[in-house]
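Those letters in the sequence shown? Residues -24 to -1, 1 to 237, by mature numbering (1 follows the signal peptide of the UniProt record, and there is no 0). The C-beta atom is built at its ideal place from N, Cα and C for all residues, glycine as well.
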Amino acid sequence: MSSRRAFAWAFVVAASLSSLPACGPSLSQIEQGKAITTKEPSLDDFFKSVVALRGEVDRAESDRKAARADLVKALGLAETAEAGAALEAAAKKAKTLDEAGTSLHLELTPDAKLLVLAQKRGKTSEDPEALAKAVEQSVKASLDVARRMGELEQRARFLDTKRTELSATPAAKSGDAPRELEGARIVLAELRGRATTEAGLASSFVVGLAMALETGAADTALAKFTGKAARPRPGGGGGGGGAPAGGSPAPKPKPSDDFEP
């Protein structure tokens, strides 16, 4: 083969190799969601715990959607409706009820309750009791998601501390253990961030829902605790007592001079 042809052939080979995808370091087993077996119980238990934690965080998004399932149904939305669409629909329904004389106020503590205040200014086909039931269920489920995500974030921190301790043991310095422990560090950092984000999204939905449903019932809610009458609402024909949906009005407490309506 002439030197010229040899040079051309080498050029073709080099060009072909350069077109192949770069072969960087492959992901560790733990980064792929798999737990390796090292025959060292403490390491094996640790890797299994990381994989289990990842599975729980992975379910967070579907858990948030499930938490608002009853609400989106009560609002007449598709099951796949996003949180923003649910909040917009809730605000629209609250406005419709308010125009017909029914005010809403969502109390979050100590337990989620939607106060339904009927003032008999008009009629509407909307069922505030059904809405209240769906809202309360959604709020409780969303707050539960936020709470669990907070707990998972703490578990991720605990496991990362455990990882640091295990890295100093003799068993952690042989075989695939060093690589997998480094992979676990990366995974746990990601899980902490995701758990925090999911907790924030669940909590934000609850706050957004409270704002969307608020139609001026705060004065009546305050009157329930102070024993003083709520301010009359513009255009209203008399005041209606406030009571949580599905229950009888709470007994009137003794008046107090601590608050002024």
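For the options Leu128, Pro154, Leu189, the alpha carbon positioned closest to that of Val27 is the one of Leu128.
Relative to Glu16, the option among Ala148, Arg30, Thr191 whose CA is nearest is Ala148. Beta-bridge partners of Leu93 (DSSP): Ser79.
Burial of Phe181 is indicated by the presence of at least 16 other C-beta atoms within 10 angstroms of its C-beta.
Under the three-state reduction of DSSP, Ala144 is assigned to coil, being neither helix nor strand.
Less than 8 Å separates the beta-carbon of Ala62 from that of Leu53.
DSSP places Gln8 in the helix class (H, G or I) of the three-state scheme. Taking all protein chains shown into account, Phe22 has 16 or more neighbouring C-beta atoms within 10 Å of its C-beta and is therefore buried. Between the stretch 6 to 20 and the stretch 149 to 158 there are three or more inter-stretch CB-CB distances shorter than 8 Å, so the stretches are counted as touching. Annotation for Gly159: the continuous alpha helix (DSSP H) segment containing it runs 153 to 189. Per DSSP, reduced to three states, the secondary structure at Gly52 is coil, with no helix or strand assignment. Looking from the CA of Lys109, the closest CA among Leu29, Lys89, Lys24, Glu58 belongs to Lys89.
For Pro17, the enclosing alpha helix (DSSP H) covers residues 17 to 34.
With a threshold of 16 other beta carbon atoms within 10 Å, Lys10 falls short and is exposed.
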